[in-house]
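Letter by letter, the sequence shown follows residues 0 to 278 of numbering that gives the first Met the number 0.
Think of the CB as a built atom: it goes at the ideal place given N, C-alpha and C, for glycine as much as any other residue.
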Amino acid sequence: MLIKDINRMKEVIKGVKKEGKTIGFVPTMGYLHEGHLSLIRCSKRDNDITVVSIFVNPIQFGQNEDLDRYPRDLERDEKLCRQEGVDYIFVPSAEQMYPEGFSTYVQVEELTGGLCGAFRPGHFKGVTTVVTKLFNIVQPDRAYFGEKDYQQLAVVKKMVKDLNMNLEVVGCPIVREKDGLAMSSRNKYLSPKERESAVALYKALVRAKESFEKGINSVEELKKIMEETIISYPEVNEIQYIEIVDPDTLKPKNVAEEGDVVALAVFVGNTRLIDNIRL
Ligand code: AMP
Numbered sequence: 000m001l002i003k004d005i006n007r008m009k010e011v012i013k014g015v016k017k018e019g020k021t022i023g024f025v026p027t028m029g030y031l032h033e034g035h036l037s038l039i040r041c042s043k044r045d046n047d048i049t050v051v052s053i054f055v056n057p058i059q060f061g062q063n064e065d066l067d068r069y070p071r072d073l074e075r076d077e078k079l080c081r082q083e084g085v086d087y088i089f090v091p092s093a094e095q096m097y098p099e100g101f102s103t104y105v106q107v108e109e110l111t112g113g114l115c116g117a118f119r120p121g122h123f124k125g126v127t128t129v130v131t132k133l134f135n136i137v138q139p140d141r142a143y144f145g146e147k148d149y150q151q152l153a154v155v156k157k158m159v160k161d162l163n164m165n166l167e168v169v170g171c172p173i174v175r176e177k178d179g180l181a182m183s184s185r186n187k188y189l190s191p192k193e194r195e196s197a198v199a200l201y202k203a204l205v206r207a208k209e210s211f212e213k214g215i216n217s218v219e220e221l222k223k224i225m226e227e228t229i230i231s232y233p234e235v236n237e238i239q240y241i242e243i244v245d246p247d248t249l250k251p252k253n254v255a256e257e258g259d260v261v262a263l264a265v266f267v268g269n270t271r272l273i274d275n276i277r278l
């Protein structure tokens, strides 16, 4: 069932809670792909009821980012959710989520300073604010996030812990295309040539992991290997960052250790792609 109104959603949740059913929640920005569907399947496995939200959250986009052209196809998303047996699709409007005079924000410090946070000021503040609102409306027992957005997952986990929110945050593995490209709604922006070059991110991550396993643990050296790999793909415009960070603190390392996260953001054509891998 598709629900647009916030109060209607809250009423439905009240009923579900009264029946003593558990609620799994998958927040998304829509234009669903196998990555999203894997989260839905995890939620279905663990909970009585699964709620998927589809909301392109304006406050997490920067001024020069892709809010207006972000891909949308509600009809298709609805069909996919039905096929997966989603119980409720929550599609609030931006006007209802952020009425005039809206002025309360949730901000996680520390974890949001590096990686994507360094290049997208205000982005995580927008994410944690909307996720808090959605948690308050849907009141999930468990919420599912992809490791694809590793920093986002870490930030949401920290917020839930610090603010004593009453739910479990579950991280789910990255789902990839056959050639290794991490699935993303933004892959739609890629021209056929750019799509071929987009595999650069995954190839670089795999090379870093292999090099680490062969005994190279200098981050400087590992970064160099990754850069070499990436710039060999013709449609790559810019490497925004490559970092090797502690999986919990997200602090950059000089010497890589097992379990560290290698994360990167790269512009292929004008499309900004991110990916990561665990050592
Ligand atoms: P988005 O709609 O891009 O905001 O993503 C919604 C959720 O799906 C987030 O928790 C993402 O981390 C997750 N997600 C997106 N792409 C993937 C992927 N390729 N594999 C696993 N999870 C993903």
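**Asked** Just how far apart, CA to CA, sit residue 17 and residue 49?
**Response** The straight-line gap from Cα to Cα measures roughly 16 Å.
**Message:** Quick check: what's the CA-CA separation for residue 143 versus residue 26?
**Reply:** Rounded to whole angstroms, residue 143 to residue 26 spans 7 Å at the Cα level.
**Asked** Relative to ligand 1, is the shortest distance from any of its heavy atoms to the C-beta of residue 184 smaller than 7 Å?
**Response** yes
**Request:** Identify the continuous alpha helix (DSSP H) that holds residue 201 and give its terminal residues.
**Result:** 199-212
**Prompt:** With C-beta atoms as the reference, is residue 77 less than 8 Å away from residue 174?
**Reply:** It is not a contact, given that the beta carbons lie outside the stated cut-off.
**Message:** For residue 274, list the residues DSSP reports as bridge partners.
**Reply:** 263
**Item:** residue 94 versus residue 222: straight-line alpha-carbon distance, rounded
**Value:** 44 Å
**Request:** Just the C-alpha distance for residue 244 and residue 155, rounded to the nearest angstrom, thanks.
**Result:** 17 Å
**Contact between the stretch 86-106 and the stretch 226-240 (3+ Cβ pairs under 8 Å)** = no
**Prompt:** What residues are listed by DSSP as bridge partners for residue 49?
**Reply:** As computed with DSSP, residue 49 is found in a beta bridge with 23.
**Request:** Kindly give me the distance between the Cβ atoms of residue 147 and residue 181, rounded to whole angstroms, as I take these residues to be in contact under 8 Å.
**Result:** About 5 Å separates the two Cβ atoms, so the contact holds.
**Request:** Measure from the alpha carbon of residue 55 to the alpha carbon of each residue in 81, 125 and 1, then state which is nearest.
**Result:** 125
**Request:** Give the C-beta separation of residue 198 and residue 235 to the nearest angstrom, bearing in mind that I take them to be a contact with Cβ-Cβ under 8 Å.
**Result:** Not quite, the Cβ-Cβ distance comes to about 11 Å (not below 8 Å), so this is no contact.
**Item:** Proximity to residue 135 [Cα-Cα], best of 274, 6 and 1
**Value:** Residue 135 has its Cα closest to that of 6, out of 274, 6 and 1.
**Asked** How is residue 1 classed by DSSP in three states: helix, strand or coil?
**Response** strand
**Message:** Using DSSP's beta-bridge definition, name the partner residues of residue 251.
**Reply:** 244
**Message:** Just to confirm the assignment: which complete beta strand (DSSP E) runs, minimum length 3, are found wholly within the stretch 65-144?
**Reply:** 87-89
**Request:** Could you pull the start and end residues of the beta strand (DSSP E) that residue 169 belongs to?
**Result:** 167-171
**Prompt:** With C-beta atoms as the reference, is residue 53 less than 8 Å away from residue 79?
**Reply:** no
**Item:** For residue 153, the first and last residue of its enclosing alpha helix (DSSP H)
**Value:** 149-161
**Item:** residue 27 Cβ short of 7 Å to ligand 1 heavy atom set
**Value:** yes
**Prompt:** Quick one: Cα of residue 163 to Cα of residue 115, how far?
**Reply:** Note on geometry: alpha-carbon atoms of residue 163 and residue 115 lie some 25 Å from one another.
**Message:** Suppose the cutoff is 7 Å on Cβ atoms and the five residues either side in sequence are ignored; what does the same chain contact list for residue 227 look like?
**Reply:** If we look at residue 227 and ignore the five residues flanking it on each side, it has no Cβ neighbours.
**Message:** I want to check one thing, is the minimum distance from the CB of residue 147 to the heavy atoms of ligand 1 below 7 Å?
**Reply:** True, at least one ligand heavy atom lies under 7 Å from that Cβ.
**Asked** Taking the alpha-carbon positions, what's the residue 269 to residue 21 distance?
**Response** 42 Å
**Item:** heavy atom of ligand 1 below 7 Å from residue 144 C-beta
**Value:** Yes; taking the cut-off as 7 Å, the Cβ of residue 144 has a heavy atom of ligand 1 nearer than that.
**Request:** Check each candidate in 57, 152, 165 and 158 and name the one with the smallest Cα separation from residue 260.
**Result:** 152
**Asked** Nearest to residue 161 by alpha carbon, out of 239, 107, 224 and 150?
**Response** 107
**Asked** Shortest alpha-carbon distance to residue 1 belongs to which of 189, 88, 92 and 129?
**Response** With distances taken between Cα atoms, residue 1 lies closest to 88.
**Prompt:** Cβ of residue 318 within 7 Å of any heavy atom in ligand 1?
**Reply:** For residue 318 there is no data in the structure shown, the boundaries of the chain being 0 and 278.
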